[in-house]
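So in my numbering, the last spot in the sequence shown is 396, and the numbers never skip.
For glycine and all other residues, C-beta sits at the position ideal for the given N, C-alpha and C.
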Amino acid sequence: MTSTLWQMFALIACGAAWRYGRPAGLSAEQTRTVLTTLVYYLLLPALVLEVLWKADVGFHSLQYTLFGTLCLAFGMLGIWACGHMLRFKPQQMGAVLLAAAFPNVTYLGLPVLEQAFGHWARSVAIQIDLFAVAPVLFTVGIAAARHFGQNGDSVRQPVGSFLTAPPFLAAMLAVVLNLCRVPLPDGLASVLQKLGAGVVPLMLISLGLALSWQAVTLRNLPHVAPVILIKMGLMPLFALWFSRYLTLDQAHKNALTLEMAMPCMVLGIVFCDRYRLDSALYAMSVTLSTLLSLVTLPFWYRVAAGGF
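As structure tokens, then:
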């Protein structure tokens with residue numbers, strides 16, 4: 089796991105270096121926008137279609153949804169209780185709620201799971217993202233961002249907008265073709281594999297582009313500390329406990345637990361900007377949790393596998 093993460097972080101470091109080097113005068117924000125748009129609208133849907141078309145989709149997929157939803161609910165309730173006790177301002181509360189509840193199950197989770205467990209784990213990462221994390225994010229997450237944000241109602245995001253997202257549409261098509269036992273043509277499979285091969289490196293580089301040391305300040309540390317505690321400690325612990333009640337083999341339980349141990353989701357910064365939450369606080373949470381994951385992910389991997 090440690091060697092795998094170092095390989096992942098080498099690609100993340102390339103994105104971080106781009107932020108400061110600005111090759112060809114392109115800023116990190118410009119480059120990240122192009123890369124994430126390419127991945128979101130073309131490469132990721134291709135990967136989703138190729139993986140889920142051939143994946144074993146069934147009752148266990150419903151368990152992924154239940155598992156992910158309950159883990160996200162645990163994170164939300166935990167950070168809401170902390171924020172209420174510490175009297176966070178509304179903009180801070182909205183930012184930490186998004187940061188603590190939603191893990192980076194795709195941008196970092198997919199490559200880590202694939203390297204740690206094998207190609208079969210790609211299906212786990214994709215399904216828990218599209219059937220659990222994304223629906224909750226685009227419903228409860230958006231509702232919370234509107235509630236705690238400033239003038240959030242002036243920029244409407246349809247609550248069910250994830251239903252028209254390209255990766256979700258690709259997932260629905262793949263599941264239908266899978267359940268109808270339609271064979272995947274070899275020629276199409278080759279094209280989808282070539283497109284999907286670009287997802288992991290580009291996602292990791294994009295993650296590096298999103299990290300910023302300028303966002304790390306002592307002023308935000310008291311607000312980030314509860315996020316780190318819940319996101320990197322309590323939430324994986326809850327996931328580990330709840331996974332025991334799933335009717336899955338141990339390898340799948342370990343993969344699910346590791347997904348809930350992932351650092352903060354990068355996409356949340358978009359909602360912080362849109363609904364005028366504390367974007368600097370969220371960016372610091374992403375940066376610190378991503379760096380800490382180099383230590384915490386191997387720990388939870390060993391714990392889930394019974395190494396401790």
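Have a look at the options and flag the residue whose alpha-carbon is nearest the alpha-carbon of residue i.
i      : options                        : result
Pro191 : Leu174, Trp208, Thr157         : Thr157
Val270 : Thr119, Arg107, Leu140         : Leu140
Ala161 : Ala188, Ile100, Ala262         : Ala188
Phe219 : Val136, His311, Leu93          : Val136
Cys352 : Ala101, Lys177, Leu154, Val193 : Val193
Asp337 : Leu280, Val224, Ala209, Asp274 : Ala209
Tyr152 : Leu369, Leu346, Thr378         : Leu346
Trp329 : Leu267, Leu280, Ala393, Thr125 : Ala393
Ala98  : Pro273, Leu295, Ser300         : Leu295
Gly163 : Leu376, Val224, Arg110, Leu276 : Val224
Asp217 : Leu334, Ala259, Ala183         : Ala259
Gly182 : Gly321, Ala368, Leu267, Tyr389 : Ala368
Ser356 : Trp94, Phe226, Ile214, Ile100  : As written in the sequence, residue 356 is Gly, which differs from the Ser given in the question. Nearest option by C-alpha distance: Phe226.
Lys282 : Leu261, Thr121, Cys102, Val127 : Val127
Val263 : Lys341, Gln215, Ala101         : Gln215
Leu376 : Pro178, Trp94, Thr125, Met320  : Met320
His235 : Pro178, Gln95, Ala112, Trp94   : Pro178
Is it the case that the Cβ atoms of residue i and residue j are separated by a distance below 8 Å?
i      : j      : result
Leu196 : Val212 : no
Leu123 : Ile293 : yes
Thr384 : Ala339 : no
Asp366 : Gln180 : yes
Leu185 : Trp168 : yes
Ala303 : Ala233 : no
Cys159 : Phe326 : yes
Leu290 : Leu131 : yes
Val354 : Val374 : yes
Gly229 : Arg364 : no
Leu265 : Ala134 : no
Val288 : Pro199 : yes
Ala222 : Tyr389 : no
Leu276 : Lys142 : no
Leu309 : Gly166 : no
Report back the beta-carbon spacing between residue i and residue j to the nearest angstrom; my notes put them in contact at under 8 Å.
i      : j      : result
Thr90  : Pro386 : 5 Å
Tyr129 : Pro314 : About 35 Å separates the two Cβ atoms, so there is no contact after all.
Ile316 : Leu380 : 7 Å
Leu297 : Thr119 : 6 Å
Phe176 : Leu344 : With a Cβ gap of about 30 Å, Phe176 and Leu344 do not count as contacting.
Ala104 : Leu299 : 5 Å
Gly286 : Glu138 : Contact flag wrong, Cβ pair sits at about 13 Å.
Val145 : Leu267 : 7 Å
Would you call residue i buried or exposed, if buried means 16 or more other Cβ atoms sit within 10 Å of its Cβ?
i      : result
Gly206 : exposed
Asp241 : Since pLDDT at Asp241 reaches only 47, below the 50 mark, its modelled position is unreliable, and no value is offered.
Val243 : Any answer about Val243 is weak, because its pLDDT of 48 lies below 50 and its placement is not dependable; what the coordinates show is given next. Exposed, because fewer than 16 other Cβ atoms sit within 10 Å of the Cβ of Val243.
Thr378 : buried
Phe147 : exposed
Arg332 : exposed
Gly109 : exposed
Met173 : exposed
Glu117 : exposed
Arg107 : buried
Leu306 : exposed
Ala231 : exposed
Trp94  : exposed
Within the region 204–271, ranges of the alpha helix (DSSP H) (whole runs, at least 4 residues): 209–216, 230–236, 254–267
Within the region 105–185, ranges of the beta strand (DSSP E) (whole runs, at least 3 residues): none
Within the region 350–374, ranges of the alpha helix (DSSP H) (whole runs, at least 4 residues): 356–362
Contained beta strand (DSSP E) runs [length at least 3] in the region 282–340, N- to C-terminal order: none
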